[in-house]
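Protein chains in written order, with the working numbering: chain P, 920 to 1015; chain V, 95 to 507.
Working notes, structure below.
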């Protein structure tokens, strides 16, 4: 049988008071609730990739001459800023 | 044809009768129900049951996967995965094993995953005890599993099979505990009729396990996501599942009754599904029992009847959901009730079954003098003499016209 991820399970025939299951992914991303975000200073970044190695959610993305952050999935933990040997990453408060 | 006295002889699978104990009877029921996955961890007095299962699988009588897990928590977790993949599952445990299983045990009924699990009842710690008693099963009575208590070895076999039918009914979808008394039923050997495989197949039909929740790449879903909380749709969603669970429990009363009736049609054996009324038709007083003690209770009722005491016995088979109407109906017209428990409700200083019976009578507006008797703890015998004393005390209640304090039956044994 060919495995497929879609379509989602059809709940139409299952009573809605039986068993808690979720058939739609929650669209909320960390970027919607993060309080601090890492900002890379491109002049200081030497592309050593320490931030890339340490990021627990793999949101560090490689650019031609520096590493940058995918703000959709970064949850603002600050590990990259802590570990960056060149102090090229600063944690900045998100706008309210 | 003579009885097959050797344990688990393959030829014994032919319909007929064997001589076996309750643990072996349960294992035979599992084989007849064509269970697809069992996970086991041995614990006294359940151990021989899972050893029988291992042998049935090893010799090919039972075509099932068997997982020798590292503990009861894993046993039930393994089976939840198997059930979510669609398998008919079974295990058995008791006492400290049941305690160690508690976290997945809580989850099973909320997931509405049908299965049958035997509790080979054992008194719980502490004091240290390896003997029979209902304290383990009674301690989990409010968790949302169906509980049925057996009186005889034959009833163990029949009820394990019926348990799958009840559990997998679409109006129920709940796990079932079939409780049989440790030592008394687990190791007491009697003649047991093995039903024909074809009769069991016709009775159970196709497994009906994971149509509503599944681990299946073709139907991707997150099972048991975070539900509830104080905001948004949380409270009403959580309440909706709780109410659905309660409705499933109540539906089980009719499904259990129908399953027992259909079982009688297939095998000719009739067991009382919810409560059994024994010599209750003209009874002035009644005792209420549960489990294997009921046999001695019935003998004592016969003896008391011979002495002219108009006593009857009501045996509770289905304890969760509690058959409130059946109990109130069975006790209609009696002037005093004594309830005998093999366990303790510490908070109420009485037996748990007593609480339930008193609650059912009270809600029905019935004021009946009643009394809780606690006996048979940690393997103690509940004899016909003990029951004779119970009947005498209940007769006195009817004369006094008011309820009495809890009696600890084996206090001086």
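We treat Cβ as the ideally placed atom computed from N, Cα and C, and that holds for glycine.
Determine which residues share a DSSP beta bridge with residue i and list them.
i                      : result
residue 284 of chain V : V:114
residue 956 of chain P : P:1011
residue 409 of chain V : V:370, V:383
residue 403 of chain V : Paired residues: none, contrary to the question.
residue 186 of chain V : V:212
residue 241 of chain V : V:271, V:414
residue 162 of chain V : V:134
residue 444 of chain V : V:439
residue 141 of chain V : Answer is none; residue 141 of chain V lacks a bridge partner.
residue 987 of chain P : P:980
Who are the near neighbours of residue i in its chain, counting only those whose CB is closer than 8 Å to its CB and skipping five residues on each side?
i                      : result
residue 923 of chain P : Residue placement at residue 923 of chain P cannot be trusted, given a pLDDT of 43 that sits under 50; what the coordinates show is reported in the next sentence. Hits under 8 Å: none found.
residue 267 of chain V : 206, 207, 208, 261, 306, 342
residue 363 of chain V : 248, 252, 287, 357
residue 488 of chain V : 379, 380, 381, 405, 430, 431, 432, 465
Thinking just about the alpha-carbon of each residue, which of the options is nearest to the one in residue i?
i                       : options                    : result
residue 185 of chain V  : V:365, V:129, V:134        : V:134
residue 209 of chain V  : V:415, V:331, V:271        : V:271
residue 220 of chain V  : V:472, V:345, V:480        : V:472
residue 231 of chain V  : V:242, V:308, V:198        : V:242
residue 436 of chain V  : V:460, V:252, V:466, V:131 : V:466
residue 178 of chain V  : V:491, V:196, V:331, V:317 : V:317
residue 1014 of chain P : P:959, P:998, P:955, P:982 : P:955
residue 974 of chain P  : P:962, P:1008, P:961       : P:1008
residue 941 of chain P  : V:375, V:331, V:400        : V:331
residue 976 of chain P  : P:938, P:995, P:932        : P:995
residue 353 of chain V  : V:417, V:252, V:164        : V:252
residue 286 of chain V  : V:147, V:433, V:112, V:215 : V:112
residue 139 of chain V  : V:153, V:160, V:180, V:189 : V:189
residue 934 of chain P  : V:265, V:442, V:383, V:499 : V:265
residue 218 of chain V  : V:168, V:276, V:259, V:493 : V:276
residue 216 of chain V  : V:145, V:192, V:263        : V:192
residue 372 of chain V  : V:439, V:309, V:399        : V:399
residue 480 of chain V  : V:439, V:127, V:346, V:395 : V:395
residue 374 of chain V  : V:386, V:348, V:428        : V:428
residue 441 of chain V  : V:456, V:500, V:419        : V:500
residue 523 of chain V  : V:475, V:329, V:491, V:423 : Residue 523 of chain V lies beyond the stretch modelled for chain V, which goes from 95 to 507, so this question has no answer here.
residue 257 of chain V  : V:229, V:224, V:297, V:227 : V:297
residue 197 of chain V  : V:226, V:224, V:214, V:167 : V:167
residue 90 of chain V   : V:289, V:474, V:295        : Residue numbering for chain V in the displayed model covers 95 to 507; residue 90 of chain V lies beyond these limits and cannot be assessed.
To the nearest angstrom, how far is the alpha carbon of residue i from that of residue j?
i                       : j                      : result
residue 936 of chain P  : residue 114 of chain V : 42 Å
residue 235 of chain V  : residue 350 of chain V : 17 Å
residue 291 of chain V  : residue 334 of chain V : 40 Å
residue 1002 of chain P : residue 944 of chain P : 32 Å
residue 504 of chain V  : residue 194 of chain V : 29 Å
residue 284 of chain V  : residue 477 of chain V : 19 Å
residue 327 of chain V  : residue 321 of chain V : 9 Å
residue 920 of chain P  : residue 469 of chain V : Summary for residue 920 of chain P: the model assigns pLDDT 44, below 50, so the residue's position carries little reliability, and this model does not support an answer.
residue 104 of chain V  : residue 259 of chain V : Annotation note: pLDDT 47 at residue 104 of chain V (below 50); position unreliable, coordinate value reported separately. Residue 104 of chain V and residue 259 of chain V: Cα-Cα distance of roughly 25 Å.
residue 981 of chain P  : residue 987 of chain P : 6 Å
residue 1004 of chain P : residue 319 of chain V : 40 Å
residue 315 of chain V  : residue 930 of chain P : 10 Å
residue 957 of chain P  : residue 965 of chain P : 16 Å
Sorted by chain position, which residues of the same chain lie with C-beta nearer than 6 Å to residue i's C-beta, five sequence neighbours on each side aside?
i                      : result
residue 464 of chain V : 431, 452, 497
residue 120 of chain V : 143, 212, 250, 254
residue 993 of chain P : 978
residue 125 of chain V : 150, 155, 156
residue 961 of chain P : 985
residue 183 of chain V : 131, 173, 176, 177, 209
residue 384 of chain V : 243, 410, 447
residue 304 of chain V : 178, 180
residue 418 of chain V : 454
residue 67 of chain V  : Any answer about residue 67 of chain V is impossible in this case: the structure gives chain V only from 95 up to 507.
residue 450 of chain V : 416
residue 223 of chain V : 217, 472
residue 926 of chain P : Low confidence applies to residue 926 of chain P: its pLDDT is 45, below 50, so where it sits in the model is not reliable, and the reading given next is rough at best. Correct list: empty, nothing qualifies.
Using C-beta distances below 7 Å, list every residue in its chain close to residue i, excluding the 5 sequence neighbours before and after it, in chain order.
i                      : result
residue 95 of chain V  : Residue placement at residue 95 of chain V is flagged as unreliable, the pLDDT there being 38, under the threshold of 50; a coordinate-derived value is accordingly withheld.
residue 515 of chain V : No answer is possible for residue 515 of chain V: the residues shown for chain V start at 95 and end at 507.
residue 158 of chain V : 129, 130, 131, 132, 151
residue 116 of chain V : 247, 250, 274, 279, 280, 282
residue 165 of chain V : 135, 194
residue 346 of chain V : 240, 260, 266, 268, 415
residue 355 of chain V : none
Give the interface partners of residue i over in chain C, defined as CB-CB distance under 9 Å, in chain order.
i                      : result
residue 938 of chain P : Reference to chain C is not applicable here, since the protein chains of this structure are P and V.
What I want to know is whether the C-beta of residue i ends up closer than 7 Å to one or more non-hydrogen atoms of the ligand COA.
i                      : result
residue 506 of chain V : This structure does not include the ligand COA; it has no bound ligands of any sort.
For the segment 195-208 of chain V and the segment 168-186 of chain V, state whether three or more C-beta atom pairs, one from each stretch, are separated by less than 8 Å.
With a cut-off of 8 Å, the segment 168-186 of chain V and the segment 195-208 of chain V count as touching, because enough Cβ pairs lie within range.
Contact the segment 956-975 of chain P vs the segment 225-244 of chain V: 3+ CB pairs below 8 Å
no
Tell me, please, whether the segment 946-957 of chain P touches the segment 988-1002 of chain P by the rule of three or more beta-carbon pairs shorter than 8 Å.
With a cut-off of 8 Å, the segment 988-1002 of chain P and the segment 946-957 of chain P count as touching, because enough Cβ pairs lie within range.
Check whether the segment 362-379 of chain V and the segment 397-417 of chain V touch, using three or more Cβ-Cβ pairs below 8 Å as the test.
yes
Take every Cβ of the segment 474-489 of chain V, pair it with every Cβ of the segment 389-399 of chain V, and state whether three or more of those distances are shorter than 8 Å.
yes
Counting beta carbon pairs with one atom in the segment 402-409 of chain V and one in the segment 374-386 of chain V, are three or more of them shorter than 8 Å?
yes
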